[in-house]
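Colleague: Residue numbers for the sequence shown follow our numbering, so the first one is 68 and each next one is one higher.
Yeah, the Cβ is synthetic: ideal placement off N, Cα and C, and Gly gets one too.
There's a structure below that I have some questions on.
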Amino acid sequence: MADVTSIFNNPLYTVQPKTTGTGNNKIDKEAFLKLLTAQLKYQDPLNPLDNTQFVGQLATFSALEQIINIGDTLNSFISTKTKEDALLVGATLIDKTITTTSSEEFTVKGISYQDGKLKIDVGSKTISLDEIQGIKS
């Protein structure tokens, strides 16, 4: 029979102090792939990785990749929708008289979308949407 004290002196049964890591606790697609590749590279051939663990990690990687793709698609959609909305608003201003925050009046000649903002062409200059104080027909 084994000695009870020798079992509890075994490093597997001793409580190790918890350490805290520094840095970013988020993992991206590239880091996950590097970890998975390193795990496969250094695994013991006589004691290979459990199949269920490996399949679970591959499923996690696949899910992460799909979430990233969905995020990219959503960002692209939002960008396009924002541009379309701005151009539709701007199109309603063409040939209308606008008053700026500096009390100047201009007739809108055209519109454009530059640097993520709607620009309004009034002939002599281009103004932004937030400079408009009023609109007349």
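Output the boundary residues of the beta strand (DSSP E) element that contains Lys163.
Modeller: No beta strand (DSSP E) holds Lys163; DSSP gives it neither H nor E.
Colleague: How big is the Cα-Cα spacing for Lys184 and Ser195?
Modeller: For Lys184 and Ser195, the distance between alpha carbons rounds to 7 Å.
Colleague: For Gly123, collect the residues of the same chain with a Cβ closer than 6 Å to its Cβ; drop the 5 residues on either side in sequence, then sort them by chain order.
Modeller: Taken in chain order, the list of residues that qualify is empty.
Colleague: Quick check: the Cα distance between Ser143 and Ala153, rounded to an integer number of angstroms?
Modeller: Using only the alpha carbons, I get a separation of about 16 Å.
Colleague: Excluding sequence positions up to five away, which residues of its chain have a Cβ less than 7 Å from the Cβ of Leu131?
Modeller: Excluding residues within five positions, the ones whose Cβ falls inside 7 Å are Lys96 and Phe99.
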